[in-house]
Amino acid sequence: MGKAPEIKSCMWMLPNENEIKLCCDGSALGNPGLSGIGIVYRDWEGRVLGTFCKAVGIITNYMAKVNAIIDGVEKAVHRGWKNLWIVSDSMATINAFVT
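The numbers in full-length UniProt numbering rise by one with no breaks, and the one at position 3 of the sequence shown is 3.
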């Protein structure tokens, strides 16, 4: 038997007042493979303002995550939400937009 995985605590934080939290992810079945994205928008009181998911074709896992951020921001701006806190589980993807 292998070693049991370490249990770590974590917590989800509300965005600041007048900020929208955009939680997004993308995934591929294979790399590349059939891919999809998912997005959840929440306000500073924790209310879900919207959700979105779609297939994005045969691409890599990284590109699925990139597409999730791009689609998420485009849809937020279309709704008039400009003060965004973008959350992704991929630091490489976040860094692609920061640098």
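The C-beta atom is built at its ideal place from N, Cα and C for all residues, glycine as well.
Within its chain, find whatever has a CB closer than 7 Å to the CB of asparagine 67; leave out the 5 residues flanking it on each side and keep chain order.
-> Taken in chain order, the residues that qualify are Gly26, Ile37 and Val56.
What whole-angstrom Cβ distance do aspartate 43 and isoleucine 20 have, given they're in contact under 8 Å?
-> About 6 Å separates the two Cβ atoms, so the contact holds.
What distance in whole Å lies between the Cβ atoms of cysteine 23 and valine 73, which are believed to be in contact at a cut-off of 8 Å?
-> For a cut-off of 8 Å, the C-beta gap from valine 73 to cysteine 23 is around 13 Å, too long to register as a contact.
For the candidate residues Glu17, Met63, Ala4 and Tyr41, whose alpha-carbon lies nearest to that of serine 35?
-> Per the C-alpha coordinates, the member of Glu17, Met63, Ala4 and Tyr41 positioned closest to serine 35 is Met63.
What is the DSSP secondary structure of glycine 72, reduced to helix, strand or coil?
-> The answer is helix: DSSP assigns glycine 72 an H, G or I state.
Return helix, strand or coil for alanine 4, following the three-state DSSP convention.
-> DSSP places alanine 4 in coil when its eight states are reduced to three.
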